[in-house]
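Student: Structure provided below as structure tokens; questions to follow.
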């Protein structure tokens with residue numbers, strides 16, 4: 378199984394921000410341990426997982442959607 382299927386929104390958010398692969402992988406592991414929502418993008422300092430649905434800017438929503446589609450196509 379390609380790990381890109383696990384929390385693709387976290388991976389897309391990390392790519393959008395230019396995060397290193399090791400950091401994105403650590404965030405995915407944290408999301409798995411926390412049982413974060415499927416559309417989680419990051420965990421706040423208070424422990425709350427923010428999701429794709431929390432993104433207000435349409436440009437960022439479109440970018441994330443494109444990156445997730447690419448990740449899913451590369452499964």
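Residue numbers (the working numbering): 378 to 452.
From the three backbone atoms N, C-alpha and C, an ideal C-beta is built for every residue, glycine too.
None of the values given here were measured: they were computed from a predicted structure.
Would you mind reading off the limits of the alpha helix (DSSP H) that contains residue 401?
Tutor: Where residue 401 is concerned, the enclosing alpha helix (DSSP H) stretches over 398-411.
Student: Which residue from 430, 414, 399 puts its Cα closest to that of residue 384?
Tutor: Comparing Cα positions, the closest option is 414.
Student: Is DSSP giving residue 442 helix, strand or coil here?
Tutor: Reduced to three states, the DSSP call for residue 442 is helix.
Student: Quick one, are the C-beta atoms of residue 444 and residue 393 less than 8 Å apart?
Tutor: Going by C-beta atoms, residue 444 is nearer than 8 Å to residue 393.
Student: If you reduce the DSSP assignment to three classes, tell me which class residue 418 lands in.
Tutor: Strand.
Student: Going by DSSP, what residues sit across from residue 390 in a beta bridge?
Tutor: Answer is none; residue 390 lacks a bridge partner.
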